[in-house]
Amino acid sequence: MTISGLLAAAQSRLSPVSDSPHLDGHLLLGQAMHQGRDWLIAHGNDQLEAATIECFELLMERRIAGEPIAYILGTQGFWRHEFHVSPAVLIPRPETELLIEILLARLGPDPRQIVDLGTGSGALAVSLASERPQWFVTGIDCSEAAIELATMNAGELDNLELRTGDWCQGLAPGSLDAIVSNPPYIREQDPHLMKLSFEPVEALASGPDGLDAIRQIIPHAHQCLKNNGLLLIEHGYDQQRPVEDLFRQAGFEQVTGFNDLNKVPRAVLGYRS
Ligand code: GLN
Numbered sequence: 046m047t048i049s050g051l052l053a054a055a056q057s058r059l060s061p062v063s064d065s066p067h068l069d070g071h072l073l074l075g076q077a078m079h080q081g082r083d084w085l086i087a088h089g090n091d092q093l094e095a096a097t098i099e100c101f102e103l104l105m106e107r108r109i110a111g112e113p114i115a116y117i118l119g120t121q122g123f124w125r126h127e128f129h130v131s132p133a134v135l136i137p138r139p140e141t142e143l144l145i146e147i148l149l150a151r152l153g154p155d156p157r158q159i160v161d162l163g164t165g166s167g168a169l170a171v172s173l174a175s176e177r178p179q180w181f182v183t184g185i186d187c188s189e190a191a192i193e194l195a196t197m198n199a200g201e202l203d204n205l206e207l208r209t210g211d212w213c214q215g216l217a218p219g220s221l222d223a224i225v226s227n228p229p230y231i232r233e234q235d236p237h238l239m240k241l242s243f244e245p246v247e248a249l250a251s252g253p254d255g256l257d258a259i260r261q262i263i264p265h266a267h268q269c270l271k272n273n274g275l276l277l278i279e280h281g282y283d284q285q286r287p288v289e290d291l292f293r294q295a296g297f298e299q300v301t302g303f304n305d306l307n308k309v310p311r312a313v314l315g316y317r318s
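Our numbering applies: residue 46 is where the sequence shown begins, and numbers increase by one.
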């Protein structure tokens, strides 16, 4: 069996379960052979060893069972880094990069105290800390496994602290320049959750209307922010209006909604007056 023969067969086996069967086949064989896509394409006519085919087959079985490619590979690209991921954390989504863009545009490079609530793999906290060496970023998550993984992702950054905690608990009142969060926001009964069954449900679902975590975060965040400090929260496609209302009820001003790269309402920002 040649590399290109195996990849063609893999693509048709993956088609029923994946939106990107061609890419997935390449990524899985690349993983089995410790090679990149370019190498696989250049070596399409090479014969494969039985041990490689066996190793690839195990990865294929996981993918065909619905496991996300990021968990099989153990990494996911986000902003400028490859992040280690495991089933203990949500796989970082491209739409969440919107939060980075907004914060970088709103806050200058001078020293700031920033907190990322529900940091998971650390995608937001690590990206912000590495973009802005003068900021000090704290990433908080209730899951110890998530904090271990985020710590691995943080590498040598020295303007980043990662710790377990329950949302804003333990943060000093009036102490922060910005709080950012991609909290769980899917409705408990949402059928979309079935498709995400490999990811931790506590990072995805949040009560009957999906707003339990957001409802908890907003008023506490208000207390922890300095005057003119900002809160930025990611939310579901149909939650922008209620999230904006919750911001205003808690006393936030200049409340603004943002769309993601697919033009879907995805985040709300507000300032403590
Ligand atoms: N955006 C993710 C999804 O719908 C959910 C992320 C979250 O709940 N924070 O797949």
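Every residue gets a Cβ at the ideal spot worked out from N, C-alpha and C, and that includes glycine.
Inset, instruction - Measure the alpha-carbon distance for LEU276 versus ILE145 and round it to whole angstroms. - result: Taking C-alpha positions only, LEU276 is separated from ILE145 by approximately 13 Å.
- Item | Rounded straight-line distance, which links the Cα of ALA150 to that of VAL246 | The alpha-carbon of VAL246 is positioned some 32 Å away from that of ALA150.
Is it true that the CB of ARG82 sits closer than 8 Å to the CB of HIS71?
Yes.
Item to complete: Tell me where the beta strand (DSSP E) around GLU127 begins and ends.
Response: Looking at the DSSP string, the run of the beta strand (DSSP E) that includes GLU127 is 126-129.
How many Å lie between TYR230 and GLY167 at the Cα? So the two alpha carbons sit approximately 18 Å from each other.
*In chain order, what residues of the same chain lie with their CB nearer than 7 Å to the CB of ALA77, ignoring the 5 residues before and after it?*
Answer for ALA77: THR97, CYS100, PHE101 and LEU104, listed in chain order.
Open item on the list: Within 10 Å of its beta-carbon, does VAL62 have 16 or more other beta-carbons around it, so buried, or fewer, so exposed?
Closed with: With a threshold of 16 other beta carbon atoms within 10 Å, VAL62 falls short and is exposed.
Sequence ranges, beta strand (DSSP E) only - wholly within the segment 157-203, length at least 3: Listed in chain order, they are 158-162 and 181-186.
* Excluding sequence positions up to five away, which residues of its chain have a Cβ less than 8 Å from the Cβ of ASP243? -> A quick correction: the sequence has Phe, not Asp, at residue 243. GLY111, GLU112, PRO113, TYR116 and PRO132, listed in sequence order.
| task | Verify whether the separation of the beta carbon atoms of ILE48 and GLY75 is less than 8 Å. | result | The answer is no: Cβ separation not under 8 Å.
Report the three-state DSSP secondary structure of ALA217 (helix, strand or coil).
Of the three classes helix, strand and coil, the one that applies to ALA217 here is coil, per DSSP.
**Message:** Tell me the DSSP secondary structure of GLN121 in three-state form.
**Reply:** Three-state result, GLN121: strand.
Q) To the nearest whole angstrom, what separates the beta carbons of VAL300 and ILE259, a pair I think is in contact under 8 Å? A) The pair is not a contact, with the Cβ atoms about 13 Å apart (cut-off 8 Å).
- Item | Near the ligand GLN: ARG304 beta-carbon under 7 Å from a heavy atom | Before going further, note that residue 304 is Asn rather than Arg in the sequence given. Within 7 Å of the C-beta of ASN304 there is not a single heavy atom belonging to the ligand GLN.
- Assumed close pair VAL130, LEU221 - CB separation to whole angstroms, cut-off 8 Å: In fact, because the Cβ distance is near 27 Å, the residues do not count as touching under 8 Å.
For VAL288, report the span of its alpha helix (DSSP H) as first-last.
VAL288: member of the alpha helix (DSSP H) spanning 285-294, first to last residue.
> Taking Cβ to Cβ, would you say PHE278 is nearer than 8 Å to ALA250?
Replying inline: Sequence inspection shows Ile at residue 278; the Phe mentioned does not correspond to that position. No, these two residues do not count as a Cβ contact at 8 Å.
Taking 7 Å as the cut-off, is the CB of LEU169 close to at least one heavy atom of the ligand GLN? No, Cβ of LEU169 sits at least 7 Å from all heavy atoms of the ligand GLN.
- [ ] Closer than 8 Å by C-beta to ASN272: which residues in its own chain qualify, once you throw out the five before and the five after it? Chain order, please.
- [x] GLY219, ARG317 and SER318.
Within 8 Å of any Cβ in chain C, is that where the Cβ of GLY70 sits? Here chain C cannot be found, since the structure has a single protein chain.
Practice prompt. Say yes only if the C-beta of PRO229 is nearer than 7 Å to one or more non-hydrogen atoms of the ligand GLN, and no if none qualify.
Written response: Checking every heavy atom of the ligand GLN against the Cβ of PRO229, one is found closer than 7 Å.
* To do: Given a cut-off of 8 Å, decide if GLU298 and GLY274 are closer than it, judged by their beta-carbon atoms.
  => No. Outside cutoff.
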